[in-house]
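> One structure, pasted below without further comment.
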Ligand code: GLU
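Numbering (the numbering used here), first residue to last: 30 to 348.
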């Protein structure tokens, strides 16, 4: 089986160091296994779309030496690689889930504010138990709807993560998340599963802010009868005071450092070590050496601390 990893950024601005590090690990893993590294632009949230942000992603990855084998500009067999150009393919998959009992139409007003807000306590959603003929009547009358995932009240869901091991969530703690919004577009939560499957992704490397949603993705894979990818959810990157790197402090983005005069090679070298160690005292790595040395089993579970002094030291050595 060919290893296929992907970087799936949303074009919402500059490239965050956390995202860049996920891209780096996905890239290293693909290269090390003679696999493919795929770039997918996730632009279905039109409200957050920033013009020019896609070019920033291309340029940053290229500057860093992370070339993709398939993507919007280079093509590939599993495209299109821009989510908005795929928008019509998701609804039939959601309807398939409705037909097999894993999803349902929801006509409630409150869901209008989805994706984030307006999540029902599951038991409260009156559409969960609507009779089939009533659903049909409302659809025929053209009532607006969303499609929600149906999570059982009982039981648990378990998935495996390379860093966190087996993760189990009680189903009662998972919400009946929206899969298709009123405008007919998929939510990120649905599109990532369908796309990762259709693009044959074998290893999903991303930030651990998705860890809590992963059981819901597992249930979607199971409902479709699809093989789940291996997951690698990378812990957050924080500053030395354990705060998330923030936009406000001007220390969160790749471009913040390049503008201050840091070299790309030094930044990539240091970033690789925020969250991973080679198991010996080596500190300097070219990209090729990283490909060679990288080992998923040596990724840390604890948040990675981004130490600017250390980066500055690396940068001086590189100069
Ligand atoms: N579009 C998501 C983001 O930018 C991607 C998360 C993922 O890799 O699945 O956060």
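Every residue, glycine too, gets a C-beta built ideally from N, C-alpha and C.
#1: With a cut-off of 8 Å, do at least 3 Cβ pairs link the region 66-84 to the region 33-46?
#2: Exposed or buried, what is residue 51 when buried is set at 16 or more other beta-carbons lying within 10 Å of its beta-carbon?
#3: Applying the criterion that 16 or more other CB atoms from any shown protein chain within 10 Å of the CB defines a buried residue, is residue 354 buried or exposed?
#4: Under the three-state reduction of DSSP, which class applies to residue 199: helix, strand or coil?
#5: Could you give the first and the last residue of the continuous beta strand (DSSP E) run that contains residue 343?
#6: Give a yes or no on whether the C-beta atoms belonging to residue 205 and residue 178 are separated by under 7 Å.
#7: Name the DSSP beta bridge partners of residue 235, please?
#8: Candidates 240, 132, 44, 285: which alpha carbon is nearest residue 260's?
#9: Compare the C-alpha of residue 82 against each of 43, 302, 57 and name the closest.
#10: Just tell me which of 48, 33, 127 has its CA closest to the CA of residue 283.
#11: Using DSSP's beta-bridge definition, name the partner residues of residue 34.
#12: Name the two residues that bound the continuous alpha helix (DSSP H) containing residue 137.
#13: State the Cα-Cα distance for the pair residue 299 and residue 281, rounded to the nearest angstrom.
#14: To which residues does DSSP link residue 189 through a beta bridge?
#15: Apply the 10 Å Cβ neighbour rule to residue 99 and answer buried if 16 or more other Cβ atoms are within range, or exposed otherwise.
#16: Tell me which residues pass a beta-carbon proximity test against the ligand GLU: closer than 5 Å to any heavy atom, given in chain order.
#17: At what residues does the beta strand (DSSP E) containing residue 208 begin and finish?
#18: Taking DSSP as the reference, what is the three-state secondary structure of residue 291?
#19: Can you tell me whether residue 308 is buried or exposed, with buried defined as 16 or more other CB within 10 angstroms of its CB?
#20: Between which two residues does the alpha helix (DSSP H) harbouring residue 91 extend?
#21: Use the C-beta contact count for residue 194: other C-beta atoms within 10 angstroms, 16 or more gives buried, fewer gives exposed.
#22: Considering just the uninterrupted stretch of the alpha helix (DSSP H) at residue 127, what are its terminal residues?
#23: To the nearest angstrom, report how far apart residue 236 and residue 30 are at their CA atoms.
#24: Report the option in 319, 133, 169 whose CA atom is closest to the CA atom of residue 158.
If we stick to the structure as given:
#1: yes
#2: The residue you call residue 51 lines up with position 22 of the chain shown. When all chains shown are included, residue 51 counts as buried.
#3: Shown here, the chain extends from 30 to 348; a query on residue 354 therefore has no answer.
#4: Taking the chain shown and counting its residues from 1, one reaches residue 199 at position 170. If DSSP states are grouped into helix, strand and coil, residue 199 belongs with the strands.
#5: Mapped onto the chain shown, residue 343 falls at position 314. Premise fails: residue 343 lies in the alpha helix (DSSP H), 337-347, not in any beta strand (DSSP E).
#6: For the purposes of this step, residue 205 is taken as the residue at position 176 of the chain shown. For the purposes of this step, residue 178 is taken as the residue at position 149 of the chain shown. The answer is yes: Cβ separation under 7 Å.
#7: Residue mapping note: residue 235 aligns to position 206 of the chain shown, counting from 1. Beta-bridge pairing links residue 235 to 262.
#8: The sequence position of residue 260 within the chain shown is 231, counting from 1. For residue 260, the nearest C-alpha among the options comes from 240.
#9: Taking the chain shown and counting its residues from 1, the one referred to as residue 82 is at position 53. Of 43, 302, 57, the residue nearest in Cα terms is 43.
#10: As a working mapping, residue 283 is identified with position 254 in the chain shown. If we check each option's Cα against that of residue 283, 48 comes out closest.
#11: The residue given as residue 34 occupies position 5 in the chain shown. Bridge partners of residue 34: 66, 232.
#12: Against the chain shown, residue 137 aligns to sequence position 108. Note, residue 137: premise wrong, no alpha helix (DSSP H); not H, not E.
#13: As a working mapping, residue 299 is identified with position 270 in the chain shown. As a working mapping, residue 281 is identified with position 252 in the chain shown. Roughly 14 Å between the two C-alpha positions.
#14: For this step, residue 189 is matched to residue 160 along the chain shown. DSSP, once it has assigned bridges, lists 195 as partnering residue 189.
#15: Counting from 1 along the chain shown, the entry for residue 99 is found at position 70. Classification of residue 99: buried, given that the 10 Å Cβ count is 16 or more.
#16: 37, 38, 39, 71, 221, 235
#17: Against the chain shown, residue 208 aligns to sequence position 179. Here the beta strand (DSSP E) through residue 208 covers 207-209.
#18: Within the chain shown, the letter at position 262 stands for residue 291. Residue 291: coil per DSSP, three-state reduction.
#19: If you number the chain shown from 1, residue 308 lands on position 279. Residue 308 is exposed by the Cβ-count criterion.
#20: Here the question's residue 91 lines up with position 62 in the chain shown. Where residue 91 is concerned, the enclosing alpha helix (DSSP H) stretches over 82-93.
#21: One-based indexing of the chain shown puts residue 194 at position 165. Residue 194 comes out exposed.
#22: The residue labelled residue 127 in the question sits at position 98 within the chain shown. Note, residue 127: alpha helix (DSSP H), 119-128.
#23: For the purposes of this step, residue 236 is identified with residue 207 of the chain shown, where counting begins at 1. For the purposes of this step, residue 30 is identified with residue 1 of the chain shown, where counting begins at 1. Approximately 25 Å, taken between the alpha carbons.
#24: Numbered from 1 along the chain shown, position 129 holds the residue referred to as residue 158. Comparing Cα-Cα distances from residue 158 to each of 319, 133, 169, the minimum goes to 133.
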